[in-house]
Amino acid sequence: MPLLGLGLLVLLLFPAAVFRGRIFYYRDIHLVWHAQVESFVRMVAEGAWPVWDRYVSFGQPHWANPETQVLYPFTWLQAVLPAGAFYTAFVVFHCLFTAFGQYALARSWGLERAPAFVAAAAWTASGPFLSLVSLWHHFTGASWIPWVFLAFDRALRAPSPRRLALAGLAATAQVLAGSADMAAMTLLGTALLAVDHARRHARAARRALQAGARWGAAWAVAAAVSAAQWMPTLELARRSGRWGLPDAARVFWSLPLPLAAQAVVPAFLDGLPLRPEVRAVLHESREPFLSSVYLGAVCALLVAGALLRGRHSARAFLIVLAAGGLLVSLGRFAFAYGGLVTLVPPLRVFRYPVKAMVLVAFAWSLLAGLGLAAVRHLDGWRRRALLAVGAALVLVNLGGALLLWLGAAEWGAALLDGTQTRRSPSWHLAPVAAGLFAAAAAAAGALVLAARARASVRWAWLVAPLAAFDLARAHVGLNPTAPGTLLTFRPPVVAALAPPPHGRVFVYDYFRWDRGLRHLGHRNAYVMSTVRDEWPVPWAEALALRSYAYPSVLGAWGLEGSFDTDRLGLFAGSLAQVSDLQAVAEWPDAQRRLLELGAVSHAVALHEAGFEALRAAAVLPSLFREPIRVFAVPAPLPRAHLVSGVRVAHGGERLRLLLSPEFDPRREVVLEEGSPAPPAPGFEGTTAIVELRSDRSRIDVVSSGAAHLVLADTHDPGWRGTVDGRPAPVLRANGAFTAVAVPAGRHRVELAYRPRAVTLGLTVSGLALAVPVVMLARAGRKERA
356 MPLLGLGLLV
366 LLLFPAAVFR
376 GRIFYYRDIH
386 LVWHAQVESF
396 VRMVAEGAWP
406 VWDRYVSFGQ
416 PHWANPETQV
426 LYPFTWLQAV
436 LPAGAFYTAF
446 VVFHCLFTAF
456 GQYALARSWG
466 LERAPAFVAA
476 AAWTASGPFL
486 SLVSLWHHFT
496 GASWIPWVFL
506 AFDRALRAPS
516 PRRLALAGLA
526 ATAQVLAGSA
536 DMAAMTLLGT
546 ALLAVDHARR
556 HARAARRALQ
566 AGARWGAAWA
576 VAAAVSAAQW
586 MPTLELARRS
596 GRWGLPDAAR
606 VFWSLPLPLA
616 AQAVVPAFLD
626 GLPLRPEVRA
636 VLHESREPFL
646 SSVYLGAVCA
656 LLVAGALLRG
666 RHSARAFLIV
676 LAAGGLLVSL
686 GRFAFAYGGL
696 VTLVPPLRVF
706 RYPVKAMVLV
716 AFAWSLLAGL
726 GLAAVRHLDG
736 WRRRALLAVG
746 AALVLVNLGG
756 ALLLWLGAAE
766 WGAALLDGTQ
776 TRRSPSWHLA
786 PVAAGLFAAA
796 AAAAGALVLA
806 ARARASVRWA
816 WLVAPLAAFD
826 LARAHVGLNP
836 TAPGTLLTFR
846 PPVVAALAPP
856 PHGRVFVYDY
866 FRWDRGLRHL
876 GHRNAYVMST
886 VRDEWPVPWA
896 EALALRSYAY
906 PSVLGAWGLE
916 GSFDTDRLGL
926 FAGSLAQVSD
936 LQAVAEWPDA
946 QRRLLELGAV
956 SHAVALHEAG
966 FEALRAAAVL
976 PSLFREPIRV
986 FAVPAPLPRA
996 HLVSGVRVAH
1006 GGERLRLLLS
1016 PEFDPRREVV
1026 LEEGSPAPPA
1036 PGFEGTTAIV
1046 ELRSDRSRID
1056 VVSSGAAHLV
1066 LADTHDPGWR
1076 GTVDGRPAPV
1086 LRANGAFTAV
1096 AVPAGRHRVE
1106 LAYRPRAVTL
1116 GLTVSGLALA
1126 VPVVMLARAG
1136 RKERA
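Okay, so the sequence shown: first residue is 356 according to the working numbering, each after it adds one.
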């Protein structure tokens, strides 16, 4: 019955997606994930290794980017399922998976079925966990947390080769899910679990060494088996800006103290037209990273019960885990995050401290389960203290609802921006007040039941549905859905672009460097033509961005991008510099020159200034205030061309040359090493792209003399080149692109992307996988014997 109840809870959390055929789309799903899926499907269809995505900027590593989840088995279903249906199945499966894992963990700690159900429901329906649905790799990594803790707890409690192998494999699966953040949090959490196991042993010092050795052995197995993922990722991060993130980028999206109250008060303000100063305080002037941090008013009452009665051995561990996660999530608003990254410098590659609220939700839900088991045994002052906490929860939520209901005009003036809405403040604040009323009612019901609880367990089965209802009601609409046509719709701008074979497209990104204010006159980069009240559908903003062909969605239609924003900080340093050069060099001649250099045939923007050197190709209606403008680049360089001249430059001089009139990219190339040479008089050369796949290309060249084949593709050390079958160095050209030296005559140049980190990682993973397999096989034989 508890498992059936958890299954029903998961289905009810997503009624539109499960029962009405709608799809998840919010934020990164339609902006990033869908294009990645289409790129992956094309790679598989053309028989290429899924190692290089040629649709992002001028091409980027695909396998090494952990959020692509290439080695996560669920990913390969993308090749056979429609994108929308796949993602719905993906979300439902991992919610069920994590719910059953949390239930199993609670049961292994000795909790009865009702408390274990509460622990699983409180985790699965918690705000921090469900907020990750739009961030597939973090969501997947978080879903593995209960299973990893269960495996490590069993391995630490009663160690055996089989249990150590299972712990290592569970951690491996979490690493392959692609979220380094969730894996790092789990690694630190299981280390704390090992310390807790040692603390509870009579011979603590000796037990600590044993527990540390077992913990280290299990994570060593995980590191070895998952090497095929983390080795390419580490190599990519080492060569990118992610390795040296500035402090401002790391601590962005910290949890402000006013928002921390949302853990027990379900006041969701993000969907309101907030005043800029209010949004700045609550959400860093953007949408929140976690749409909800609500952990449940009923669960708060149960957690208080766990704190008042401390008999369970895991209670102290869970309290420390929750407190540590909360302090880290405060980021720049508290001391803990800075101290942690100082003690553990590798943590500097991680962003957005609020993610640590996922660990808080995990520990909180288990404490709620412990509290449900403990409440009926409370007596005396402990029972009175519990009732006082419950009364406070009811009053806070009820009082908040009444304040919003009765003082809507005053609160509206303080919170809402009247220029963004034509509705009354009471219309906007009524749903928030209703949510607070519901939380107060659920807490009041739990308070009444707690007051009457005695030695019988029957009351627990009355409180458990209340706890699940409280969270489910608050989070049913947390992840919005849309018709499947949102992802299949092909906007008119795609037809208007129509680049030539192997041509690239540039789409102006107004989210970057405050460009919206500079070019469009409004700080919010993309402003709809109607206020939010009049939007025809809640997903109109997503439709508008896709209709504009926002840079990150180009790959969904097989269009190859250029000069994209480095969203994850994983661009190679040279590519990031060239992209930044394009972002700042916006006068017409410089804009045209860079677009020609990148083999860009068309540009898309909402403004005209800076594009005067291009030819206006089309003006299309949009859902934004400004129409969509398509420009044609007069004479872009071909994707692959031959030059005879060479210039040698480094650093800033190399970038200066790209914009200098003295440099002619049609006749010469800028390299970082070699001997300079002027363009040869009368030089002639032709190229023909015979094959262009995601991981390889073949180009036939005919040259009247020694030359360099220059390709408008990102240079990467993983590219291997041959000329007529003989190895040839692949050089960095024109700041960020690729070049291969060719002699005079007719030749075939082949390029294949085979990064050593991928091949080495696969070798290590293949060899390492044999260790846990052998351990499990031997354990199975012993059990059968």
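By construction, the Cβ of each residue, glycine as well, lies at the ideal position given by its N, Cα and C atoms.
- Burial check for His-417: the Cβ neighbour count within 10 Å reaches 16 or more, so the residue is buried.
- When Cβ pairs closer than 8 Å are counted between the two stretches, the region 435-453 is seen to touch the region 379-388, the count reaching three or more.
- Three or more beta-carbon pairs separated by less than 8 Å are not found between the region 644-655 and the region 728-740, which leaves the two stretches without contact.
- Here DSSP, grouped into helix, strand and coil, assigns Glu-765 to helix.
- Under the 8 Å Cβ criterion, the region 1062-1077 counts as touching the region 408-428, having at least three qualifying pairs.
- The beta-carbon distance between Arg-984 and Leu-961, rounded to whole angstroms, is 7 Å. This is short enough to meet the 8 Å contact definition.
- In its chain, beyond the 5 residues on either side, Met-883 have a beta carbon closer than 7 Å to the beta carbon of Glu-896.
- Looking at the backbone, the Cα of His-493 and that of Ser-1015 are separated by about 44 Å.
- In this structure Ser-917 touches Phe-861 by the C-beta definition: roughly 5 Å separates them, less than 8 Å.
- Residue ranges of uninterrupted beta strand (DSSP E) with 3 or more members, entirely inside the region 912-961 and ordered along the chain, are 955-960.
- DSSP places Thr-1118 within a helical segment (H, G or I) once states are collapsed to three.
- Contact annotation: Gly-482 and Met-537 have beta-carbon atoms that are not nearer than 8 Å.
- Listed as beta-bridge partners of Phe-986 by DSSP are Ala-958, Ala-971.
- Taking all protein chains shown into account, Val-1045 has fewer than 16 neighbouring C-beta atoms within 10 Å of its C-beta and is therefore exposed.
- Under a 10 Å Cβ-count criterion, Thr-423 is classified as buried, with 16 or more other Cβ atoms of the shown protein chains found around its own Cβ.
- Per the DSSP secondary-structure output, Glu-1046 pairs in a beta bridge with Arg-1053.
- Here the C-alpha atom of Ser-1059 lies approximately 9 Å from the C-alpha atom of Ser-999.
- Annotation for Tyr-380: no beta strand (DSSP E) segment contains it, and DSSP assigns it neither H nor E.
- In the three-state reduction of the DSSP assignment, Ala-532 falls in the coil class, being assigned neither a helical nor a strand state.
- Under the DSSP assignment, His-1063 falls outside any alpha helix (DSSP H), being part of the beta strand (DSSP E) whose first and last residues are 1062-1066.
- For the set Gln-433, Ala-1035, Ala-968, Glu-915, the Cα lying nearest the Cα of Glu-941 is the one of Ala-968.
- Phe-861 carries a strand assignment under DSSP once its states are collapsed to helix, strand and coil.
- In this structure, Leu-833 places its C-beta atom within 8 Å of the C-beta atom of Leu-485.
- Using a Cβ distance threshold of 8 Å, Ala-390 and Gly-910 count as a contacting pair.
- Beta-bridge partners of Met-883 (DSSP): Phe-979.
- Val-699: not part of any beta strand (DSSP E); DSSP gives it neither H nor E.
- In the DSSP assignment, Gly-790 falls within the alpha helix (DSSP H) that extends over 780-807.
- The region 576-585 makes contact with the region 1113-1126: 3 or more CB pairs, one atom from each, lie closer than 8 Å.
- When C-alpha distances from Gly-362 are compared across Leu-436, Val-435, Gly-456, the shortest belongs to Gly-456.
- Rounded to whole angstroms, the gap between the alpha carbons of Arg-641 and Arg-634 is 7 Å.
- Here the region 1071-1087 lies against the region 1101-1112, with 3 or more beta-carbon pairs under 8 Å apart.
- Around the beta carbon of Arg-666, fewer than 16 other beta carbons sit within 10 angstroms, so the residue counts as exposed.
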